[in-house]
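In this note's numbering, the protein residues as written are 105 to 208. Working notes, beginning with the structure itself.
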């Protein structure tokens with residue numbers, strides 16, 4: 105393993121005959137979580153399954169592939185839009201949209 109990785113929510117999916125888990129890899133951008141699966145029989149030793157899950161997640165991380173989640177704290181969100189001074193009702197386009205939706 106090249107990076108620090110942890111497993112959580114490890115399950116065995118009998119239909120797919122695979123271990124599945126969320127693997128968290130610590131990177132310079134912060135923790136990245138990957139949904140990983142490792143195809144093996146249910147009798148596989150946990151250490152082997154864990155190693156396979158982490159290897160799969162590290163491969164996805166290295167190739168920049170797979171489903172991953174970034175901590176919401178790491179995202180730069182734009183500032184909230186502030187209502188203009190004096191506006192007391194919804195914009196006209198919203199009134200029209202709501203009146204058409206109500207008519208339907």
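Idealized CB from N, CA, C, for every residue including glycine.
Same chain, Cβ closer than 6 Å to residue i, neighbours up to 5 away in sequence not counted
i: residue 238; result: The structure shown does not extend to residue 238, since the chain is modelled only from 105 through 208, so no value can be given for it.
i: residue 128; result: 110, 135, 137
i: residue 124; result: 115, 117, 141
i: residue 146; result: 116
Contact under 8 Å by Cβ, residue i with residue j
i: residue 140; j: residue 153; result: no
Cut-off 7 Å between Cβ atoms - residues of its own chain near residue i, not counting five sequence neighbours on either side
i: residue 105; result: For residue 105, the pLDDT reaches just 42, beneath the cut-off of 50, and the residue's location in the model is therefore unreliable, although a value from the coordinates is still provided. 158, 162, listed in sequence order.
Exposed unless 16 or more other CB atoms sit within 10 angstroms - verdict on residue i
i: residue 204; result: exposed
i: residue 160; result: buried
Same chain, Cβ closer than 8 Å to residue i, five either side skipped, listed in chain order
i: residue 122; result: 116, 141, 142, 143, 144
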